[in-house]
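**Student:** Residue numbers (our numbering): 49 to 580.
Quick one: the structure is below, questions incoming.
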């Protein structure tokens with residue numbers, strides 16, 4: 049997806065370098081694409097979706113909280129490793145506790161990932177392929193939203209990408225490269241695995257497994273697995289991750305409260321979703337278009353013939369790199385299907401591996417491909433790589449604009465301000481299902497109110513005697529939960545006064561307080577209602 053790609057008359061290795069083949073120019077172009085998509089209006093909208101589950105624990109850490117076991121409104125929360133919370137805490141310490149600072153982690157990760165694709169692309173496919181690889185990542189539609197969200201996907205994708213591409217690089221060569229080169233790649237394997245493991249645990253394991261198995265299939269030998277640098281990098285990552293996980297486990301045992309965790313079975317085979325599991329691989333590949341078109345090209349007799357042409361001497365790793373990653377992608381998707389994963393979102397660590405293969409397309413269009421393959425590649429890129437890049441750039445701008453408008457409508461700031469307006473200073477806010485769905489609402493209430501304390505407490509099993517007369521209960525009453533009805537059932541005879549009602553996205557809630565001695569002695573404030 050670079051400008052000016054054409055089939056030259058001279059061999060690939062004997063042409064004068066085009067202006068867009070210079071490393072600095074290519075880095076600027078990839079950076080420009082990443083900045084265009086990931087950074088504009090990043091802090092405009094308030095938090096929404098699951099951003100609160102990452103940001104609120106990070107802010108708690110900055111307030112002197114537990115850095116090994118994150119807390120979400122005073123409740124130990126460890127559904128995911130704390131890597132993203134650590135990153136958000138660091139960014140917020142530098143830039144302030146703002147939406148921009150929190151989302152800058154994901155935007156930075158996506159930008160670095162695009163530059164990593166550029167670097168590996170140049171390494172394997174030369175200058176022509178490098179720019180294709182970098183832009184393919186920056187302009188891949190499935191990655192746009194995650195790059196603008198304070199969630200774990202973008203950081204996890206970066207770790208998986210760096211680790212997997214480093215593994216492929218180490219296993220491509222039949223003869224080891226220089227000692228310095230091997231050491232750099234080993235360090236990148238270790239750093240990538242550590243980042244991925246701390247961001248999302250084993251979620252990227254299938255992508256890593258695919259990249260370990262694919263070289264064996266390509267080289268038809270177990271030799272790639274015996275690479276000392278590869279083994280050293282994986283060992284370093286294992287030691288660091290093992291030590292961190294051990295410290296987290298020890299810290300968890302020291303906490304008297306029950307820690308909120310998540311079972312991996314929640315993401316695997318589920319009744320009635322077999323058809324979604326079967327469609328996982330094709331759906332994932334369609335979502336990665338147009339970059340996934342590149343996976344078609346390392347196959348067939350023409351691809352084999354190209355490998356033995358004179359032009360291939362300048363790029364001996366091009367074909368094996370493209371085929372290795374293609375096989376790795378297919379193996380990873382196959383493993384996810386066997387495991388029963390039904391949500392294509394969880395294939396994102398595999399999808400990011402597709403972008404570097406686009407570099408093979410760039411090399412092919414610069415004279416490496418033969419016969420009809422250049423024409424086929426151009427057709428898949430809308431006639432010209434520059435056209436494809438322009439269309440994707442416009443689509444990205446439109447998508448970002450629509451996303452930001454939608455995000456301002458579903459942010460939790462307005463609901464939080466409503467809660468703050470109906471409770472007195474110094475109040476205790478107690479919630480359960482609203483924290484599960486949108487913890488940002490309570491955080492915004494704390495920012496708008498004065499000395500408000502928010503607590504995540506399991507209310508579905510609370511007996512009557514646990515009702516706090518000084519607390520304001522924020523209970524959901526939408527059809528997905530009916531938390532209010534269950535809470536009333538568990539506290540028969542208790543009289544509650546409604547102080548306000550509101551909604552955020554598809555979740556509605558009511559603000560209730562017990563009508564005890566306080567309720568009889570204090571005048572009842574007017575009922576506040578959010579009618580949005």
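Virtual Cβ for every residue (Gly too), placed ideally from N, Cα, C.
Only a predicted model underlies this, so the values are computations on that prediction, with no experimental measurement involved.
Which residues in the same chain have their Cβ closer than 8 Å to the Cβ of residue 67, if we skip the five residues on either side of it in sequence?
**Tutor:** Counted from its first residue, the chain shown places residue 67 at position 19. Taken in chain order, the residues that qualify are 73.
**Student:** Does the structure place the stretch 96-112 close enough to the stretch 487-504 that three or more beta carbon pairs sit under 8 Å?
**Tutor:** They touch, by the three-pair rule.
**Student:** Go to residue 492, then tell me how far its alpha helix (DSSP H) extends in each direction, as first and last residue.
**Tutor:** Against the chain shown, residue 492 aligns to sequence position 444. Taken as a continuous stretch (DSSP letters only), the alpha helix (DSSP H) holding residue 492 covers 488-496.
**Student:** Helix or strand or just coil, what does DSSP make of residue 108?
**Tutor:** Here residue 108 corresponds to residue number 60 of the chain shown, with the count starting at 1. Three-state result, residue 108: helix.
**Student:** Counting only runs that start and end within the stretch 223-290, where is the alpha helix (DSSP H) found for 4 or more residues in a row?
**Tutor:** DSSP runs (the alpha helix (DSSP H)) wholly in the stretch 223-290: 227-248 and 253-267.
**Student:** What would DSSP say about residue 481, mapped onto helix, strand or coil?
**Tutor:** Here residue 481 corresponds to residue number 433 of the chain shown, with the count starting at 1. Reduced to three states, the DSSP call for residue 481 is helix.
**Student:** Given residue 284, which residues of its chain have a CB within under 7 Å of its CB, disregarding the five upstream and five downstream residues?
**Tutor:** For this step, residue 284 is matched to residue 236 along the chain shown. Result list for residue 284: 238, in chain order.
**Student:** Judging by CA-CA distance, which residue of 502, 529 and 531 is the nearest neighbour of residue 518?
**Tutor:** Residue 518 sits at position 470 when you count from the first residue of the chain shown. Comparing Cα positions, the closest option is 502.
**Student:** What residue ranges within the stretch 433-465 form continuous beta strand (DSSP E) runs of no fewer than 3 residues, ordered along the chain?
**Tutor:** Whole beta strand (DSSP E) segments, 3+ residues: zero.
**Student:** Would you identify the three-state DSSP class for residue 124, choosing helix, strand or coil?
**Tutor:** The sequence position of residue 124 within the chain shown is 76, counting from 1. It is a strand residue.
**Student:** Within the same chain, show all residues whose beta-carbon is closer than 6 Å to that of residue 492, passing over the 5 residues directly before and after it, in chain order.
**Tutor:** Here residue 492 refers to the residue found at position 444 when the chain shown is read from its first residue. Only 460, 461 and 464 meet the Cβ criterion.
**Student:** Nearest to residue 452 by CA position, among 105, 219 and 196, is which residue?
**Tutor:** As a working mapping, residue 452 is identified with position 404 in the chain shown. Ranking 105, 219 and 196 by Cα distance to residue 452 puts 196 first.
**Student:** Which value, in whole angstroms, describes the spacing of the CA atoms of residue 512 and residue 257?
**Tutor:** For the purposes of this step, residue 512 is identified with residue 464 of the chain shown, where counting begins at 1. For the purposes of this step, residue 257 is identified with residue 209 of the chain shown, where counting begins at 1. Residue confidence is low: residue 512 scores 48 on pLDDT, short of 50, so the model does not pin down where it sits. No coordinate-derived value is stated.
**Student:** I'd like the list of long-range same chain contacts for residue 395, defined as Cβ closer than 7 Å, with 5 residues on each side in sequence excluded.
**Tutor:** As a working note, residue 395 is residue 347 in the chain shown. Answer for residue 395: 328, 332, 381 and 384, listed in chain order.
**Student:** Output yes or no for whether 7 Å exceeds the beta carbon distance between residue 93 and residue 456.
**Tutor:** The residue labelled residue 93 in the question sits at position 45 within the chain shown. The residue labelled residue 456 in the question sits at position 408 within the chain shown. Taking 7 Å as the Cβ cut-off, residue 93 and residue 456 qualify as a contacting pair.
**Student:** Would you list the one or two residues that DSSP bridges to residue 558?
**Tutor:** For this step, residue 558 is matched to residue 510 along the chain shown. Answer is 523 and 549, bridged to residue 558.
**Student:** Helix, strand or coil: which one does DSSP assign to residue 345?
**Tutor:** To locate residue 345, count along the chain shown from 1; it is residue 297. In the structure shown, residue 345 sits in coil (DSSP, three-state: anything other than H, G, I, E or B).
**Student:** Considering only their Cβ atoms, is the gap separating residue 533 from residue 558 smaller than 7 Å?
**Tutor:** As a first step, residue 558 is located in the chain shown; it is residue number 510 there, counting from the start. As a first step, residue 533 is located in the chain shown; it is residue number 485 there, counting from the start. Against a cut-off of 7 Å, the Cβ pair of residue 533 and residue 558 comes out as no contact.
**Student:** What's the gap between the Cα of residue 379 and the Cα of residue 370?
**Tutor:** Within the chain shown, the letter at position 331 stands for residue 379. Within the chain shown, the letter at position 322 stands for residue 370. So the alpha carbons of these two residues sit roughly 14 Å apart.
**Student:** Closer than 6 Å by C-beta to residue 259: which residues in its own chain qualify, once you throw out the five before and the five after it? Chain order, please.
**Tutor:** Taking the first residue of the chain shown as 1, we reach residue 259 at position 211. Answer for residue 259: 212, 215, 216 and 376, listed in chain order.
**Student:** Which one or two residues does DSSP pair with residue 504 in a beta bridge?
**Tutor:** For the purposes of this step, residue 504 is identified with residue 456 of the chain shown, where counting begins at 1. Looking at the DSSP assignment, residue 504 forms a beta bridge with 479.
**Student:** Which term fits residue 442, buried or exposed, when burial requires 16 or more other beta carbons within 10 angstroms of its beta carbon?
**Tutor:** Residue mapping note: residue 442 aligns to position 394 of the chain shown, counting from 1. Per the 10 Å Cβ criterion, exposed.
**Student:** Is the stretch 101-117 touching the stretch 176-191, taking contact as three or more C-beta pairs under 8 Å?
**Tutor:** Contact between the stretch 101-117 and the stretch 176-191 is absent, because fewer than three Cβ pairs lie under 8 Å.
**Student:** Closest to residue 325 by C-alpha separation, out of 348, 346, 388 and 365, would be which residue?
**Tutor:** Taking the first residue of the chain shown as position 1, residue 325 is located at position 277. It is 388 whose Cα lies nearest to the Cα of residue 325.
**Student:** Check residue 308 in the structure and name its three-state DSSP category.
**Tutor:** Position 260 of the chain shown holds residue 308. DSSP places residue 308 in strand when its eight states are reduced to three.
**Student:** Closer than 6 Å by C-beta to residue 130: which residues in its own chain qualify, once you throw out the five before and the five after it? Chain order, please.
**Tutor:** Stepping through the chain shown from its first residue, residue 130 is reached at position 82. If we look at residue 130 and ignore the five residues flanking it on each side, its Cβ neighbours are 118.
**Student:** Tell me the DSSP secondary structure of residue 298 in three-state form.
**Tutor:** What you label residue 298 is simply residue 250 of the chain shown in a count that begins at 1. Looking at residue 298 - three-state DSSP - the assignment turns out to be helix.
**Student:** What residue from 120, 69, 426 and 78 has the CA that sits closest to residue 480's CA?
**Tutor:** Mapped onto the chain shown, residue 480 falls at position 432. When only C-alpha atoms are compared, the closest one is 120.
**Student:** Say whether the stretch 144-164 touches the stretch 190-209, bearing in mind that this needs 3 or more beta-carbon pairs closer than 8 Å, one atom from each stretch.
**Tutor:** With a cut-off of 8 Å, the stretch 190-209 and the stretch 144-164 count as touching, because enough Cβ pairs lie within range.
**Student:** Would you mind sorting residue 203 into buried or exposed? The rule is 16 or more other CB atoms within 10 Å of its CB.
**Tutor:** For the purposes of this step, residue 203 is identified with residue 155 of the chain shown, where counting begins at 1. Answer is buried; the Cβ neighbour count reaches 16.
**Student:** Is it true that the CB of residue 157 sits closer than 7 Å to the CB of residue 206?
**Tutor:** By one-based count along the chain shown, residue 206 stands at place 158. By one-based count along the chain shown, residue 157 stands at place 109. Cβ atoms of residue 206 and residue 157: closer than 7 Å.
**Student:** Tell me the rounded alpha-carbon separation between residue 183 and residue 234.
**Tutor:** Indexing the chain shown from 1 puts residue 183 at position 135. Indexing the chain shown from 1 puts residue 234 at position 186. Distance between the alpha carbons of residue 183 and residue 234: 26 Å.
**Student:** On the criterion of 16 or more Cβ atoms from any shown chain inside 10 Å, does residue 317 qualify as buried, or is it exposed?
**Tutor:** On the chain shown, residue 317 is found 269 positions in, with the first residue counted as 1. So residue 317 counts as exposed.
**Student:** Determine, using beta-carbon pairs with one atom in the stretch 161-169 and one in the stretch 396-406, whether at least three such pairs fall under 8 Å.
**Tutor:** Yes, the stretch 161-169 touches the stretch 396-406.
**Student:** With 16 as the cutoff for other CB atoms within 10 Å, does residue 397 come out buried or exposed?
**Tutor:** Translated into positions along the chain shown, residue 397 becomes position 349. Classification for residue 397: buried.
**Student:** Determine, using beta-carbon pairs with one atom in the stretch 341-354 and one in the stretch 416-434, whether at least three such pairs fall under 8 Å.
**Tutor:** Yes, they touch.
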